[in-house]
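Residue numbering for the sequence shown follows my numbering, starting at 236 and increasing by one per position. Don't be surprised by glycine CBs; every beta carbon is placed ideally from N, CA and C. Values in this document were obtained by computation on a predicted structure and should not be read as measured data. Report on the structure given below.
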Amino acid sequence: MTAWKETVGGRRALTILRSRPFLTVAIVAGVWIAASFASRGFGAYGHLRYLVELAAVIGLVAAGQTFVVIAGGIDLSVAAIVTVSAVSLPLLSWQADPTGLTAVLAVLALTTTIGLVNGLGVALLRVHPMIMTLAMATFLQGLLIIIAGGSAVTAENPLVRWLGNARPAGIPAGVLLWLAVSVIVLTAMHATSFGARLFAMGANPLAAALSGVPVASTTLAVYGISGFTSGLAGVLVLGMNGQGYVGIGDPYLLASIAAVVLGGTSILGGLGTYAGTIPGAILLVTITALITVVNASPGWRSILFGSLILGLLLLSGREQARR
Numbered sequence: 236m237t238a239w240k241e242t243v244g245g246r247r248a249l250t251i252l253r254s255r256p257f258l259t260v261a262i263v264a265g266v267w268i269a270a271s272f273a274s275r276g277f278g279a280y281g282h283l284r285y286l287v288e289l290a291a292v293i294g295l296v297a298a299g300q301t302f303v304v305i306a307g308g309i310d311l312s313v314a315a316i317v318t319v320s321a322v323s324l325p326l327l328s329w330q331a332d333p334t335g336l337t338a339v340l341a342v343l344a345l346t347t348t349i350g351l352v353n354g355l356g357v358a359l360l361r362v363h364p365m366i367m368t369l370a371m372a373t374f375l376q377g378l379l380i381i382i383a384g385g386s387a388v389t390a391e392n393p394l395v396r397w398l399g400n401a402r403p404a405g406i407p408a409g410v411l412l413w414l415a416v417s418v419i420v421l422t423a424m425h426a427t428s429f430g431a432r433l434f435a436m437g438a439n440p441l442a443a444a445l446s447g448v449p450v451a452s453t454t455l456a457v458y459g460i461s462g463f464t465s466g467l468a469g470v471l472v473l474g475m476n477g478q479g480y481v482g483i484g485d486p487y488l489l490a491s492i493a494a495v496v497l498g499g500t501s502i503l504g505g506l507g508t509y510a511g512t513i514p515g516a517i518l519l520v521t522i523t524a525l526i527t528v529v530n531a532s533p534g535w536r537s538i539l540f541g542s543l544i545l546g547l548l549l550l551s552g553r554e555q556a557r558r
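In structure tokens form, the structure reads like this:
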């Protein structure tokens, strides 16, 4: 056993086994197995597929959030951007495009622009990310109330309905979308120069700038990505619910941050991976499902999520101090 540990393969295996993403995957598997014995039907394929489908929305929002957090920032406007996407898309209609693709692209362009505005405020105006994105969220919420009021808008877009209801080869279309986005995100994060600049900037912005890293354009890019993935999540949640309304994106702010930190990304920046965020999103949905099974109140759900985030923030802070 000792000899195996000293080999290159053994060291790599031990590194993987000790990593936070692997630990999160192990926790998800353990919770699923335990819940399957405790609650009849919990481990059924259809139910687990449904949980992953719900996690896809959190995972999409958390994709952009992971970029932002690794870069040393935070995006508190993601929930409002999800709502903007879900509410504004049904209001757009082009009879010349029966597929609905044009409306979806227009909404994604809008949400990406919102993200870029956040990036401009942080990179050029030097506004703190928390203040900038919180102000943007407040502005968007007020604008949505003026435009939509308390009315719900129904999704008539064919592409949106397909994303929310289709099951190609028995797999929800939303899960396939999440899978495709995950591949792109992981490639960009760990196999491109952009990813290298991202981690350098999050670890030490001043040193990164002195080393030639374009800090301003990288900051602009990560907030634009966050706006895009939040908009994509809004499209998916609209398709799954069939209608959009003010506040539909509210649950995804806390969940996106929890998934990111739970997956091992340091809230202080410079350390992390989306490979951990993925099981983090699934674990959050699983915990919510278990709370529902035991008929726990929404208050207990909030207490659980809050305690989880606080505990992981403390753990991330200790990891950052050891670096």
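Helix, strand or coil at residue i according to DSSP, with G and I counted as helix
i	result
GLY479	strand
VAL362	coil
TRP239	Below a pLDDT of 50, predicted positions are generally treated as unreliable, and TRP239, at 44, falls in that range; the measurement from the model is reported next regardless. Reduced to three states, the DSSP call for TRP239 is helix.
THR348	helix
LEU506	coil
ILE406	coil
LEU195	This structure gives no information on residue 195, because the portion of the chain shown stretches from 236 to 558.
LEU258	helix
LEU539	helix
GLY299	helix
GLY245	Low confidence applies to GLY245: its pLDDT is 47, below 50, so where it sits in the model is not reliable, and the reading given next is rough at best. If DSSP states are grouped into helix, strand and coil, GLY245 belongs with the helices.
Alpha carbon of residue i to alpha carbon of residue j, nearest angstrom
i	j	result
VAL410	GLU288	6 angstroms
ALA261	LEU326	43 angstroms
ALA270	VAL420	31 angstroms
ILE538	ILE522	12 angstroms
VAL266	LEU441	42 angstroms
PHE463	ALA435	23 angstroms
TYR509	ILE460	14 angstroms
LEU471	GLN376	20 angstroms
SER501	ASP332	44 angstroms
ALA279	THR368	40 angstroms
SER465	LEU258	26 angstroms
ASN530	LEU545	24 angstroms
LEU351	PHE374	15 angstroms
Counted within 10 angstroms of its Cβ, other Cβ atoms place residue i as buried (16 or more) or exposed
i	result
PHE225	Because the chain here runs from 236 to 558, residue 225 falls outside it and cannot be looked at.
LEU359	exposed
LEU378	exposed
TRP413	buried
ASN353	buried
PRO364	buried
ALA490	buried
ALA315	buried
SER542	exposed
THR346	buried
LEU455	buried
ILE268	exposed
Nearest-angstrom beta carbon gap, residue j and residue i [assumed within contact, 8 angstroms]
i	j	result
VAL592	GLY504	Nothing about residue 592 can be read from this structure; the chain reaches only from 236 to 558.
VAL313	LEU324	Not really, about 17 angstroms apart at Cβ, beyond 8 angstroms.
GLY473	ALA390	The sequence given here has Leu at residue 473, not Gly. Going by Cβ atoms, the distance from LEU473 to ALA390 rounds to 5 angstroms, so yes, they are a contact pair.
GLY534	GLY515	Not quite, the Cβ-Cβ distance comes to about 23 angstroms (not below 8 angstroms), so this is no contact.
Residues sharing a beta bridge with residue i, DSSP
i	result
THR389	GLN478
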